[in-house]
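Residue numbers (UniProt numbering), protein chains in the order written: chain A, 1 to 103; chain B, 1 to 583.
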Amino acid sequence: MSELIASKIQSNPKYLQLVRQRDTLAWTLSAVVCVMYFGFTLMIAFAPDVLTQPIAADSVIPLGMLMGVGVILASCVLTGVYVYKANQTFDPIVSEIVREASK
Amino acid sequence: MKIFKNTFFALLAMIGVFASGLAQAADAAVSAVATASAVASASAVAPAAAPAEVPLNWHAIVMFVLFVAVTLVITYWAATRTKTASDFYAAGRGITGFQNGMAIAGDYMSAASFLGIAALVYFNGFYGLLFSVGWLVGWPIILFLIAERLRNLGKFTYADVVSFRLKQGPVRTMAAISSLIVVIWYLIGQAVGAGQLLHTLVPQISYRESIVVVGALIITYVTFGGMKATTWVQIIKAGLLLGGATMMAIGVMAHENFSFAKLFNDAVAAHPKHLDIMKSVVPIGAKANPIESISLGLTLMFGTAGLPHILMRFFTVTDSKAARKSVLYGTCFIGFFYILTFIIGFGAIVLVANNPEYVADLTKSVLVLKGGGSMPAVYLSHALGGDFFLGFIAAVAFATILAVVSGLTLAGASALSHDIYANVIMKGTATEKQEVWMSKMMVIGLGVLAVILGIAFEKQNVAYIVALTFSIAACTNFPILVLSLFWRGLTTRGAVLGGYTGVFGSIGLLIIGPTVWTKVLAMGPAIFPYDFPTFVVLPTVLIVAYIASITDNSESAKKERAAFDAQMIRAETGLGAEVGASH
């Protein structure tokens, strides 16, 4: 990559916008996963009674089991959200930036 | 190439000899059984006195041999198409997102997670789920922060990315040391598991023979077929494992009239600890320990995101878009699989515990099984589908070990040949041919080492291996990689000091921790009271890397910070990234 292309990209407002948007999404979603998972982990550590209470009076299934499966499913859904957003929004901007820089 | 072809056929012949040896053993066993029964019927007294010959598990052997045959054909096919370094390390960068997603699942779902989580659930109930969750949540983080940038910046190893703008020598050495420690210990765990599993399922094959077979197959796959063969072994294994686990879960649910309520009620009734299996967030009988729980959580999540053989998979795809897709597929496969293992574990409580066919001694414990602690899932397959299904699941477990060990061996060999040999020792002057040759030698070396260590560790307590490998990955590879990608301020000094803090901090605290200090070394009460040191080491690594970087005012440090912009452009746009094979 030549210096010229690099400086062109760096001064392209679309590039700055891409970096800002993608970083925001990536770190937000990472934070969501961490809050979800470490929320679950902190409950294991400090409030296990909440997790082990049954979901209904006549059931043996603990609430934490649903929450654990929920964290697994949510992780799959959030990866889907990121991939969708990246395909729809970020990829077209990237190809535009690359096209403009190599002009 | 010709030499390799000849060696390939020589190895094939060796495996053939081994197979015929098996057949002889089988004949011997059959005739022994026949003689025994003849003797028994002739004397017509006390047939129980006849020697307890274990019948040969034909189904398992036929399926092992079939799997091995198919993978060897693939290896031969891959060998004819593996010419360049990029073919060898990265399958020519021609793997699609879906294929890589399967291969990621095949690389990551080890026998420890299949047999291990099922066994954790079988013994402890709900507690096993905590591992399933922890082992999955690293994946979204890999996608959001690492996968695309890694593909855009790197060539063959994650050290390429960390050393992108830093000094090659010290940074690659640190990254290679940390990778190798993770890879070698992970290999030991897999080799010991393979030996025990194969020996339990087919007692006619000894522990040592099992490990030698695994070693010979791995060396064959990886030296001849490189990443292409490794990838396809992993894809096939993932398909078999997902298929097998799905059938088991369906079998369990069919037995329970497709009612989760009935499944869990029956499990609570069948388990000797009854309702405790739904009430305990630590292993049953252990004391609750909040800090340990948090440290375990950190280790599982960030450890996943720092495993060298997993990170290596992102260099096999055509571009960053495929890298991204492959994580989505991989996460969904792995998440689905972990939910299945949970059903399998509870199914085993219902169908395997209390069953005299599987339990070692009903008068002592209704849980402890013949053949050891990793058998619940294996016996469940027998309870559901008889010898045939047991044979299938046993073959799948064996395939699982082969796939994971292949990925590990290739990752270890690439750290040695690509990072240490080509870039540190030869400083980039090695030709591609030399590098690939060196890599193949390293594969053979690591394969032999895995066999030797697997045999040496047969009787050792290897329970600390998950903690060791995941801690180093979580405390070294993951934080240093993320800092190098996102923090302009990181310098060589920060990366190297931080990295070594992670490696030696993890090892040191593990040695003085309860598992190694008290149980393995028998030195009395542990100096450091926690099994997982991540909650101390990870923050320390970040602090060390930060302070060592910001106090670094050398000229080279200034250049390294200035080079961040160019690195970022390539990471974000893929400009200058290694080109993938066209489709």
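For glycine and all other residues, C-beta sits at the position ideal for the given N, C-alpha and C.
Check                                                                                                                                                                                           : Outcome
Suppose the cutoff is 6 Å on Cβ atoms and the five residues either side in sequence are ignored; what does the same chain contact list for residue 377 of chain B look like?                    : 115, 118, 344
Apart from the five residues just before and just after residue 584 of chain B, which ones in its own chain have a Cβ nearer than 6 Å to its Cβ?                                                : Residue 584 of chain B lies beyond the range of chain B shown here (1 to 583); nothing can be said about it.
Output, in chain order, the set of chain B residues within a Cβ distance shorter than 8 Å of residue 39 of chain A.                                                                             : Residues of chain B passing the Cβ test: none, with the nearest at roughly 10 Å.
Please determine if the segment 475-487 of chain B and the segment 224-243 of chain B are in contact, where contact requires at least 3 C-beta pairs separated by less than 8 Å.                : no
Name, please, each residue of chain B whose Cβ falls closer than 8 Å to the Cβ of residue 78 of chain A.                                                                                        : 140
Our contact map puts residue 189 of chain B next to residue 462 of chain B with C-beta atoms below 8 Å; I'd like the distance itself, whole angstroms only.                                     : 6 Å
Which stretch, first to last residue, makes up the alpha helix (DSSP H) that contains residue 196 of chain B?                                                                                   : 168-201
Measure the alpha-carbon distance for residue 6 of chain A versus residue 191 of chain B and round it to whole angstroms.                                                                       : 48 Å
What three-state label does DSSP hand residue 77 of chain A in the structure shown?                                                                                                             : helix
Check whether chain A comes within 8 Å of residue 475 of chain B, counting only Cβ atoms and requiring the distance to be less than that.                                                       : no
Rounded to whole angstroms, what's the CA-CA distance from residue 408 of chain B to residue 363 of chain B? Just pull it up for me.                                                            : 42 Å
Just list the alpha helix (DSSP H) runs in the segment 285-341 of chain B, keeping only unbroken ones of 4 residues or longer that don't cross its boundaries, in chain order.                  : 290-304, 308-312
Entirely within the segment 122-157 of chain B and at least 4 residues each: give me those alpha helix (DSSP H) ranges in chain order.                                                          : 127-136, 138-141, 148-153
Which residue wins for smallest C-alpha separation from residue 85 of chain B, given the options B:155, B:575, B:199, B:515?                                                                    : B:155
Measure how close the beta-carbons of residue 406 of chain B and residue 182 of chain B come, nearest whole angstrom, since I'm counting them as under 8 Å.                                     : Not a contact, Cβ separation roughly 16 Å.
I'd like the span of the alpha helix (DSSP H) that includes residue 10 of chain A, first residue to last.                                                                                       : 3-10
My output table needs one value for residue 61 of chain A: the three-state DSSP class, helix, strand or coil.                                                                                   : coil
Within 8 Å of any Cβ in chain A, is that where the Cβ of residue 350 of chain B sits?                                                                                                           : no
Specify whether the segment 145-155 of chain B and the segment 562-572 of chain B touch according to this definition: at least 3 beta carbon pairs, one from each stretch, less than 8 Å apart. : yes
Taking buried to mean at least 16 other C-beta atoms within 10 Å of its own C-beta, is residue 410 of chain B buried or exposed?                                                                : buried
So the alpha helix (DSSP H) residue 38 of chain A belongs to, where does it begin and stop?                                                                                                     : 13-46
Just to confirm, are residue 671 of chain B and residue 102 of chain B a CB contact at a threshold of 8 Å?                                                                                      : Limits of chain B in this structure are 1 at one end and 583 at the other, which puts residue 671 of chain B out of reach.
With DSSP as the reference, identify every bridge partner of residue 359 of chain B, one or two as the case may be.                                                                             : B:369
Along chain B, in chain order, which residues have C-beta atoms closer than 8 Å to that of residue 30 of chain A?                                                                               : 140, 141, 144, 145
Closer than 8 Å, Cβ to any Cβ of chain A: which residues of the segment 563-575 of chain B, in chain order?                                                                                     : 565, 566, 568, 569, 570, 572, 573, 574, 575
Could you please tell me which residues of the segment 263-282 of chain B, in chain order, have their CB closer than 8 Å to any CB of chain A?                                                  : 264, 265, 268, 275, 278, 279, 280, 281
Distance cutoff 8 Å, beta carbons only. Does residue 130 of chain B sit that close to anything in chain A?                                                                                      : yes
Express the C-alpha separation of residue 271 of chain B and residue 56 of chain A in angstroms, rounding to a whole number.                                                                    : 21 Å
DSSP on residue 95 of chain B, reduced to helix/strand/coil?                                                                                                                                    : strand
Which residues of chain A have a Cβ atom closer than 8 Å to the Cβ of residue 535 of chain B, listed in chain order?                                                                            : Going along chain A, no residue has its Cβ under 8 Å from residue 535 of chain B, so there is no contact; the nearest lies around 11 Å.
Is there a Cβ from chain A that is less than 8 Å from the Cβ of residue 290 of chain B?                                                                                                         : yes
Between which two residues does the alpha helix (DSSP H) harbouring residue 246 of chain B extend?                                                                                              : 207-255
Residues of chain A with a CB under 7 Å from the CB of residue 321 of chain B: which are they?                                                                                                  : 91
Hey, how far is the Cα of residue 11 of chain A from the Cα of residue 81 of chain A?                                                                                                           : 29 Å
What do you reckon, are the CB atoms on residue 533 of chain B and residue 497 of chain B nearer than 8 Å?                                                                                      : no
Does the beta carbon of residue 297 of chain B come closer than 8 Å to any beta carbon on chain A?                                                                                              : yes
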